[in-house]
Amino acid sequence: MASHSSFPQGGLSSYGWDEGLEQSFAPHRAAGLVPARIVRVDRGRCDVITETGPMRAGTSFAGGMEPDSAPCTGDWAALRPGRDPELVALLPRRGVVVRSSASRSSHGQVLAANVDTAAVVASLAVGLNLGRIERLLALAWESGATPVIVLTKADQSADPAAAVAEVGDSAPGVEVIATSATTGQGVEALAALLTGTVVLLGPSGAGKSTLGNALLGAEALETGVVRDVDGKGRHTTVHRQMVPLPGGGVLIDTPGLRAIGLLDADDGLRQVFAEIERLAEECRFSDCGHDTEPGCAVQAAIGSGELSGRRLDSYRKLQRENAWATSRGDARLARVDRQKAITRSLRELYAFRDRQKGR
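Going by numbering that gives the first Met the number 0, the residue at position 78 of the sequence shown is 77; the numbering climbs one at a time, nothing skipped.
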């Protein structure tokens, strides 16, 4: 990254600190606070990197926070230094990967913050799950990051080139690359595609940590054994953690994702299924359901082989899921607003009574 003499360097420039961040941090610096980037969150405390090096810090603002606004790996924060360092505020996020909560609540869960590149990782040691790849791509596109699809364990595939082509058909506009940490295939080419803050997204057993170690050139991330029967592994990575990449930028490794729920990911879905969106504009009716309507360009494309029926089914499924999760989130926010209004009214009532008694 380019260096700027107008803001402090220390260890932050290699973690993504730039002139824009320095400008937005000016009010915090004037208050005696220092910038820090969260590299790991554990039991309510955070490992951070600062201008003077790494440290452990508490948080003074996490209590009562919505889950999607709590401190997360990748966040930039304002830290109050001292004997007990404490994070007191988060800077506005740029590029946030959010999924619907694994608990199926109406909350979102932030997987990584301030992400530039999202690497969707899938293993070639087992059959490709195109639907899962499409889900992860929707998360990646929605975040504002640039997605890249990484097919790992290419040495265990009979025809990795065919797999790349198959995945490419389901990922318009996205680079797809086959890699092998064992042979080194594709690792150098992949490293050239990754810029800024990179997050690895994929299920357990996909080889994210092994891939991360290949990119890092060291065994910095713990890896685990994968079951031969289904290609799944236990959650070796249990915390999101950030480490600097040797060629510049930083890498965020994430635990394997069993549930990949979408939340408010309309733009991401439009990107993933760009060819269906384009075809839909050519339908005779603007409200075409792409079933049996006359003049349906989507069904015509399926009939000609230009579009697969599986793609349309996946598109519909993810749209329904996203709409359901988003509506639950909207309803929860409405309940929160109502509760806040009630609380405010009660406080005003009690204050009025107190004034009346004091007369």
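We put the beta carbon where it would ideally sit given N, CA and C, even for glycine.
Output the boundary residues of the beta strand (DSSP E) element that contains residue i.
| i | result |
| --- | --- |
| Val147 | 145-151 |
| Ala35 | 33-41 |
| Pro26 | Pro26 -> not in any beta strand (DSSP E); alpha helix (DSSP H) instead, spanning 18-29. |
| Ile48 | 44-49 |
| Ile251 | 249-252 |
| Gly57 | 52-58 |
| Leu86 | 85-89 |
| Val120 | 116-122 |
| Arg82 | That residue, Arg82, is in no beta strand (DSSP E); it is neither H nor E in DSSP. |
So residue i is in the alpha helix (DSSP H); what residue range does that whole segment cover?
| i | result |
| --- | --- |
| Thr209 | 207-215 |
| Leu278 | 273-279 |
| Ala137 | 129-142 |
| Ala296 | 296-303 |
Is the beta carbon of residue j closer than 8 angstroms to that of residue i?
| i | j | result |
| --- | --- | --- |
| Val87 | Arg93 | no |
| Leu210 | Thr151 | yes |
| Pro91 | Ser142 | no |
| Ala35 | Ile48 | yes |
| Pro243 | Ser13 | yes |
| Ile176 | Gly183 | no |
| Arg44 | Thr72 | no |
| Thr178 | Asp115 | no |
| Leu193 | Gly248 | yes |
| Ala264 | Ala137 | yes |
| Leu110 | Thr253 | yes |
With distances taken Cα to Cα, identify the nearest neighbour of residue i among the options.
| i | options | result |
| --- | --- | --- |
| Ser203 | Ile259, Thr58, Ala191 | Ile259 |
| Ala69 | Ala112, Pro53, Thr51 | Ala112 |
| Val198 | Asp74, Asp83, Ala153, Asp266 | Asp74 |
| Ile37 | Phe24, Leu20, Ala76 | Ala76 |
| Asp67 | Val97, Met54, Asp46, Pro243 | Val97 |
| Arg82 | Gly57, Val95, Leu90, Ser99 | Gly57 |
| Leu215 | Leu200, Gly201, Met241 | Met241 |
| Asp41 | Asp17, Leu32, Glu50, Arg55 | Arg55 |
| Val120 | Arg44, Ser59, Val109, Ala153 | Ala153 |
Looking at residue i and the ligand MN, is the gap between the Cβ and the nearest heavy atom below 7 angstroms?
| i | result |
| --- | --- |
| Asp83 | The ligand MN is not part of the structure shown, which contains no ligands of any sort. |
Chain D beta carbons: is any one of them nearer than 8 angstroms to that of residue i?
| i | result |
| --- | --- |
| Thr196 | Of the protein chains in the structure, only one exists, and it is not chain D. |
Entirely within the stretch 145-196 and at least 3 residues each: give me those beta strand (DSSP E) ranges in chain order.
145-151, 174-177
Could you tell me whether the stretch 258-275 touches the stretch 156-173, using the rule of 3 or more Cβ pairs below 8 angstroms?
yes
Contact between the stretch 319-328 and the stretch 302-310: three or more CB pairs below 8 angstroms?
no
Please determine if the stretch 124-135 and the stretch 282-296 are in contact, where contact requires at least 3 C-beta pairs separated by less than 8 angstroms.
no
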